[in-house]
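Novice: Numbering of the sequence shown is given in UniProt numbering, commencing with residue 1 and proceeding in unit increments.
Idealized CB from N, CA, C, for every residue including glycine.
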Amino acid sequence: SQINCTYSTMPLSNKCTFQLNNVFVFSLAGVWSSQVVVPQRVSAVLGKNVTLECKVEVGTNLTLTQSSWERRLPSGSVTVAVYNPRFGISIPPEFGHRLYFRSPSSHDATIILENVGFADVGVYTCKVATFPLGNTQASTTVSVLVEPKIYVSAGSTPLIDGGNETVVATCIAERARPPAEVSWESNLFGQSEVQLFDEANGTTSTQVRYLWQPTRHVQGHTLTCVVRHPALQNDFRIPYQLNVQFAPDISVVGYDGDWYIGRENVQMTCKANANPPAHHFRWIRLDSEMPEGVEIMNSTLLFLRPLQRNDSGVYRCEVANDINLRSRDVRILIQDPPAMPSTITAPVLTGSASSTLVDEKGHVLLSSPTLQAIPASNVGSIVGGAVGGALFLLLVLSLVGVCYLRKQQTFHGNYYTKQYLGPNDLQKAPTQHELHPTKAGSSSYHQDHDREEWGAQDYPSNGYTRAMRESNQHQQNQHHEHLQYSSSRQARCGRYPNSGKPKENSSPYMSDDCYDSGPDGDYVAHTDGSVISRREWYV
1 SQINCTYSTM PLSNKCTFQL NNVFVFSLAG VWSSQVVVPQ RVSAVLGKNV
51 TLECKVEVGT NLTLTQSSWE RRLPSGSVTV AVYNPRFGIS IPPEFGHRLY
101 FRSPSSHDAT IILENVGFAD VGVYTCKVAT FPLGNTQAST TVSVLVEPKI
151 YVSAGSTPLI DGGNETVVAT CIAERARPPA EVSWESNLFG QSEVQLFDEA
201 NGTTSTQVRY LWQPTRHVQG HTLTCVVRHP ALQNDFRIPY QLNVQFAPDI
251 SVVGYDGDWY IGRENVQMTC KANANPPAHH FRWIRLDSEM PEGVEIMNST
301 LLFLRPLQRN DSGVYRCEVA NDINLRSRDV RILIQDPPAM PSTITAPVLT
351 GSASSTLVDE KGHVLLSSPT LQAIPASNVG SIVGGAVGGA LFLLLVLSLV
401 GVCYLRKQQT FHGNYYTKQY LGPNDLQKAP TQHELHPTKA GSSSYHQDHD
451 REEWGAQDYP SNGYTRAMRE SNQHQQNQHH EHLQYSSSRQ ARCGRYPNSG
501 KPKENSSPYM SDDCYDSGPD GDYVAHTDGS VISRREWYV
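1. Indicate whether the contact test is met: 3 or more Cβ pairs, each with one atom in the segment 79-97 and one in the segment 140-159, closer than 8 angstroms.
2. In its own chain, which residues sit with a C-beta less than 8 angstroms from the C-beta of R316, not counting the 5 before and 5 after it?
3. So V266 packs on W259, CB below 8 angstroms; how close in whole Å?
4. Please report how far the alpha carbon of S299 lies from the alpha carbon of E181, in whole angstroms.
5. Return the residue from the list P291, T136, T166, E264 that minimises the CA-CA distance to C54.
6. Report back the beta-carbon spacing between V42 and L52 to the nearest angstrom; my notes put them in contact at under 8 angstroms.
7. How about V144 and R177: do their beta carbons lie closer than 8 angstroms?
8. Of the residues L325, V142, Q335, G257, which one's Cα is nearest the Cα of C126?
9. Take V146 as the anchor and find which of K407, A231, D198, R102 has the nearest alpha-carbon.
10. Measuring only the C-alpha atoms, how far is V208 from S103?
11. Please classify C403 as buried or exposed, where buried requires at least 16 neighbouring CB atoms within 10 angstroms.
12. Would you check if the distance between the CB atom of V222 and the CB atom of Q245 is smaller than 8 angstroms?
13. Got a sec, what are the start and stop residues for the beta strand (DSSP E) residue 542 sits in?
14. Rounded to a whole number of angstroms, what is the C-alpha to C-alpha distance between P85 and A129?
15. Between the Cα of L333 and the Cα atoms of L325, L307, A339, D322, which residue gives the shortest distance?
16. Should F95 and Y83 be called a contact, given that it needs their Cβ atoms to be closer than 8 angstroms?
17. Quick check on DSSP: helix, strand or coil for A173?
18. Let's test the definition: count the other Cβ atoms within 10 Å of the Cβ of L395 and tell me whether it reaches 16, buried, or not, exposed.
19. Can you tell me whether DSSP reads Y255 as helix, strand or coil?
20. Based on Cα-Cα distance, which residue from V319, A200, R305 lies nearest to I250?
21. Can you tell me which residues form a DSSP beta bridge with I112?
22. Going by beta-carbon coordinates alone, are N273 and P291 separated by less than 8 angstroms?
23. Return helix, strand or coil for H217, following the three-state DSSP convention.
24. Among all the DSSP beta bridges, which residues are the ones paired with F131?
25. Taking Cβ to Cβ, would you say G293 is nearer than 8 angstroms to R309?
26. Is it true that the CB of L211 sits closer than 8 angstroms to the CB of residue 546?
27. When you compare only the Cα positions, how much space is there between S288 and T166?
28. With DSSP run on the structure shown, which of helix, strand or coil describes I382?
29. Please tell me whether A169 and G155 are closer than 8 angstroms, where the distance is taken between their beta carbons.
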């Protein structure tokens with residue numbers, strides 16, 4: 001018979017089986033076979049315990065006589081532990097204080113090695129002796145892992161807003177075996193630098209620096225150092241909070257732009273956001289001296305009296321910390337006092353969800369009132385008032401319309417409705433005596449001919465001027481023609497067809513067809529030689 005050892009692809013385990021006469025190969029359940037199963041590799045953490053498992057499966061016709069562990073050294077193999085079902089356990093003195101069987105039996109030869117050190121690195125073999133087959137064995141390799149010491153250190157220089165690129169922090173994984181994987185997690189636009197340092201004991205230290213240009217806008221943000229290593233069950237994470245120093249950022253509160261003469265209990269407070277915190281506050285006035293009645297208390301400027309006109313000006317708040325000094329200017333304008341509110345008390349509407357407030361200026365503030373129902377006794381008064389108002393408005397509009405129509409109304413007829421002056425009513429023709437003056441009158445006439453023609457003489461001796469005489473002659477000619485023209489119409493129109501006897505120097509109204517329709521029928525001649533229209537108004 002012979003022993004064949006095969007290495008399985010199962011998780012880190014070796015298998016050895018017996019084969020008899022090169023003919024029969026028995027499996028686990030075989031009658032003439034046994035099997036030893038151990039992990040191919042075991043990693044131990046420096047200073048901690050390690051477990052070396054060994055599972056033994058013996059056939060039903062085989063008997064376990066002994067199980068043991070051996071360590072392979074450059075000088076040869078040495079036994080570190082023995083278990084005999086009949087005689088018990090045997091462990092050499094050099095391992096007696098830190099090595100023992102976990103639960104010795106014919107099926108389990110697992111041992112535990114405490115406080116593992118670098119000297120424990122090597123190959124360990126689990127051997128099983130059965131009767132009548134003999135020995136079966138399997139080996140495992142033990143390696144020692146060194147868990148890194150992990151910490152984060154701040155950069156050597158403080159982070160100052162607006163400064164140059166500098167080291168923010170360094171993540172360090174010291175004395176790891178094998179070397180640890182170290183990285184930074186951040187949403188900043190920085191960069192990482194990795195450095196490795198080999199130690200004398202075979203370990204390696206890893207340092208990763210994070211470089212970044214500081215800005216105050218990320219003050220308080222967090223970087224995270226992440227370390228991965230076989231000796232660690234999970235990723236090791238260390239947060240690091242940024243500490244960016246910056247000069248004070250100043251804001252002034254209290255001035256609302258509505259400061260007026262006589263206003264009381266006003267103040268301005270200078271607030272600063274700074275890192276490190278501000279330690280110096282100062283109020284000054286730039287355009288003149290600080291007025292009386294104004295007191296400075298820490299970062300607050302108090303006006304202990306009513307505001308005055310001379311309080312207008314430019315005030316400056318100065319704040320300093322270890323980084324720098326900053327200031328903020330505020331221009332104050334004191335306005336005229338507001339107009340006094342009316343003394344008439346407005347009725348307050350009541351309701352289930354109404355509230356009335358009065359501000360500092362005496363204004364009434366109503367917050368969404370719910371109006372109370374109008375009493376039934378007031379409904380008639382309200383309706384009557386509305387109807388009366390509507391009637392009054394209608395009356396006013398009617399009067400305005402009548403006045404407008406009377407003003408716009410004009411006479412659009414013709415002048416033929418005026419009384420007609422017949423030919424007999426015209427200026428009587430002068431007598432023969434008047435037309436032929438005496439010689440004396442003739443002499444006077446020739447002497448004053450020019451004066452008479454231009455009206456320089458009031459009345460000549462015969463009572464007529466030259467213009468009057470010529471006009472009179474013209475009227476006689478027209479009168480003669482008019483008599484001939486109108487005689488043909490008398491039968492049709494009659495003298496006074498629509499009335500009785502006419503009044504003196506007038507005639508009754510006549511129809512349009514009874515008037516002269518000739519080219520000169522629209523005009524009436526005057527004694528001075530001029531004519532006027534019957535169809536036009538003269539003012």
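Specialist: Checking against the coordinates, here is how it stands:
1. They do not touch, by the three-pair rule.
2. Taking the first residue of the sequence shown as position 1, residue 316 is located at position 316. Here the set comprises W283, I284, R285, L286, S327, R328, D329, V330.
3. Position 266 of the sequence shown holds residue 266. Position 259 of the sequence shown holds residue 259. That pair is a contact at about 6 angstroms.
4. Working through the sequence shown from its first residue, we reach residue 299 at position 299. Working through the sequence shown from its first residue, we reach residue 181 at position 181. Between the C-alpha atoms of S299 and E181 there is a straight-line separation of about 51 angstroms.
5. Residue 54 sits at position 54 when you count from the first residue of the sequence shown. For the residues P291, T136, T166, E264, the minimum Cα distance to C54 belongs to T136.
6. Within the sequence shown, numbered from 1, the residue matching residue 42 stands at position 42. Within the sequence shown, numbered from 1, the residue matching residue 52 stands at position 52. About 6 angstroms; that satisfies the 8 angstroms criterion.
7. Translated into positions along the sequence shown, residue 144 becomes position 144. Translated into positions along the sequence shown, residue 177 becomes position 177. Judged by beta-carbon spacing, R177 lies within the 8 angstroms limit of V144, meaning their Cβ atoms are closer than that value.
8. Mapped onto the sequence shown, residue 126 falls at position 126. Cα-wise, what sits closest to C126 is V142.
9. In the sequence shown, residue 146 corresponds to position 146, counting from 1. From the listed residues K407, A231, D198, R102, the smallest Cα separation to V146 is found for A231.
10. On the sequence shown, position 208 is the one that residue 208 refers to. On the sequence shown, position 103 is the one that residue 103 refers to. Put simply, the backbone Cα of V208 is about 46 angstroms away from that of S103.
11. Numbered from 1 along the sequence shown, position 403 holds the residue referred to as residue 403. By the neighbour-count rule (16 or more Cβ atoms within 10 Å), C403 is not buried but exposed.
12. As a first step, residue 222 must be located in the sequence shown, where it is residue number 222. As a first step, residue 245 must be located in the sequence shown, where it is residue number 245. It should be noted that the sequence gives Thr, not Val, for residue 222. No, these two residues do not count as a Cβ contact at 8 angstroms.
13. Within the shown structure, residues of the chain are numbered from 1 to 539, placing residue 542 beyond reach of any answer.
14. Counted from its first residue, the sequence shown places residue 85 at position 85. Counted from its first residue, the sequence shown places residue 129 at position 129. A straight line joining the alpha-carbon of P85 with that of A129 spans about 11 angstroms.
15. Within the sequence shown, numbered from 1, the residue matching residue 333 stands at position 333. Measuring from the Cα of L333, the nearest candidate turns out to be L307.
16. The residue labelled residue 95 in the question sits at position 95 within the sequence shown. The residue labelled residue 83 in the question sits at position 83 within the sequence shown. Inclusion of F95 and Y83 in the CB contact set at 8 angstroms is not warranted, their separation being larger than that value.
17. Numbered from its first residue, the sequence shown carries residue 173 at position 173. Residue state, collapsed to three classes: strand.
18. Stepping through the sequence shown from its first residue, residue 395 is reached at position 395. Result: exposed.
19. As a position in the sequence shown, residue 255 is number 255, starting the count at 1. Here Y255 sits in coil by DSSP.
20. Walking along the sequence shown from the start, residue 250 turns up at place 250. Taking only the C-alpha atoms, the option nearest I250 is V319.
21. Counting from 1 along the sequence shown, the entry for residue 112 is found at position 112. In the DSSP output, where bridge partners are listed per residue, I112 has T51, Y100.
22. Here residue 273 refers to the residue found at position 273 of the sequence shown. Here residue 291 refers to the residue found at position 291 of the sequence shown. The answer is no: Cβ separation not under 8 angstroms.
23. Indexing the sequence shown from 1 puts residue 217 at position 217. Correct three-state label for H217: helix.
24. If you number the sequence shown from 1, residue 131 lands on position 131. F131 is bridged to T63.
25. The residue labelled residue 293 in the question sits at position 293 within the sequence shown. The residue labelled residue 309 in the question sits at position 309 within the sequence shown. No. Outside cutoff.
26. What the structure shows of the chain is the stretch from 1 to 539, and residue 546 is not part of that stretch, so it cannot be assessed.
27. Counting from one through the sequence shown, the residue named residue 288 turns up at place 288. Counting from one through the sequence shown, the residue named residue 166 turns up at place 166. Going by the C-alpha atoms only, they are around 46 angstroms apart.
28. Position 382 of the sequence shown, counted from the first residue, corresponds to residue 382. In this structure, I382 counts as helix in the three-state DSSP scheme.
29. As a first step, residue 169 is located in the sequence shown; it is residue number 169 there, counting from the start. As a first step, residue 155 is located in the sequence shown; it is residue number 155 there, counting from the start. Against a cut-off of 8 angstroms, the Cβ pair of G155 and A169 comes out as a contact.
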